[in-house]
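Right, one structure below, let's go through it.
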Amino acid sequence: MTTSKALRFLVAAALVAGGSAAQAADAPAAPPNATCKPNGAFSFTDPTGDDDGPGTYKYPTDAVYKPGSFDITEFQVNPSSDSVEFRVTVKSRIEDPWDSPAWGGNGFSVQMVFIFIDTDHVAGSGVRDSMPGLNLRFAPDEAWDKVVIISPQPVARLNSEVEQKAAGVKSRVIVPRSTRVSGRTLVATVDKAQLGGMPTPAWGYQVVMQSNEGFPAKSDLLTRKVNEFEGQHRFGGGTDYDSDPHAIDIIVPPGGDATAKQHEILSKYNKTATTEVKPEDLAQVPMVYPCGK
Ligand SMILES: [Ca+2]
Ligand SMILES: [Ca+2]
Ligand SMILES: [Ca+2]
């Protein structure tokens, strides 16, 4: 075999191994990294191909859940004079299969993102439980102070869900002033006053990818369940109970293999907990301080 023939063979083998040209083109995934500015602006990357929670999750089977729809690739925070733009990019083009304008929505259908923010990094300050339906919690010194909800649902529906299901933390919940789509990116604009101040490079973040469920269970804040087996509108690969993290993709602190780290973090839950799930049964997710402490 000549060198060029051998090279062609290797490329062909790589394409077969990757399953498609598109997958081969972005493998291996770049390690997470951050670019930071003094005003608290930053960009932080997440690998592709880790939209499987603890490594086992499968998308629902309905065709609206296109491959890559829940795969976070980048998270950006962009402060301006009196507002902050939060941008979450996914691997596939964001579509609107459920015609969100018809229900007063924001131009997309299947995604939903929770951005938890630690503004003070002080042990005991903030909330350790996540939000209803996510089945996650935070470490005592990384408890969250604010959460920004990026959802296709109109403001009134979000506020009503928060009132019904998260009343105890509603002063910490931020429904953005505007939420829109730009290509593969969800863009939420939040007023400075809602955040209680402008971001600093010391703030920590956790970005949890979920799916908008317009007909949620009583215990779930518009989130889609993860079950043992995937269904038309249910993720699979978890448990039929609320012990498994209902998180499809998260961000993890820089360094090492980000995908392996995510799988390890989201695998640490009590798989034997069924109807009685305690906070300590849940996976504990880290805050990411992309620009240092
Ligand atoms: Ca990802
Ligand atoms: Ca479950
Ligand atoms: Ca990830």
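Numbering (the numbering used here), first residue to last: 1123 to 1415.
Where is the CB? At the ideal position from N, CA and C, for every residue including glycine.
| Query | Result |
| --- | --- |
| Straight-line Cα distance separating A1380 from D1168 | 7 Å |
| Per DSSP, the bridge partner or partners of N1200 | E1207 |
| Inter-residue Cα distance where the pair is G1227 and D1403 | 35 Å |
| Nearest candidate by alpha-carbon position, reference G1326, set A1395, P1176, A1265 | A1265 |
| Best match in Q1354, V1210, L1308 for proximity to T1183 [C-alpha to C-alpha] | Q1354 |
| Contact test: Q1316 Cβ vs ligand 3 heavy atom, cutoff 6 Å | no |
| Any 3 or more C-beta pairs closer than 8 Å across the stretch 1242 to 1256 and the stretch 1325 to 1340 | yes |
| Per-residue DSSP class, three states only, for T1157 | strand |
| Ligand 3 heavy atom lying under 6 Å from the CB of Q1384 | yes |
| Check whether I1272 and L1317 have beta carbons under 7 Å apart | no |
| Inter-residue CB distance, G1190 and S1214 (contact presumed, cutoff 8 Å) | 3 Å |
| Between the CA atoms of Q1275 and N1392 - distance to the nearest angstrom | 32 Å |
| Quiz: which residues have CB nearer than 5 Å to ligand 1 non-hydrogen atoms | D1168, D1172, D1193, I1194, D1371 |
| heavy atom of ligand 2 below 6 Å from D1366 C-beta | yes |
| Segments of 4+ residues assigned as alpha helix (DSSP H) that fall wholly inside the stretch 1291 to 1334 | 1314 to 1317 |
| Three-way DSSP call (helix, strand, coil) for Q1384 in this model | helix |
| Alpha-carbon to alpha-carbon, M1409 and T1170 | 20 Å |
| Reference K1340; option with closest CA among I1296, E1285, D1251 | E1285 |
| Supposed contact pair T1311 and S1293 - C-beta distance, whole angstroms, cut 8 Å | That pair is no contact at about 20 Å. |
| Within 7 Å, strictly: CB atoms of H1368 and V1348 | yes |
| Residues near P1375 in its chain [Cβ-Cβ closer than 6 Å; skip 5 each side] | P1408, V1410 |
| Residues of its chain near P1321, where Cβ-Cβ distance is below 7 Å and the 5 sequence neighbours each way are ignored | G1162, V1199, P1201, V1206 |
| T1394 Cβ short of 6 Å to ligand 2 heavy atom set | no |
| A1261 versus I1372: straight-line alpha-carbon distance, rounded | 16 Å |
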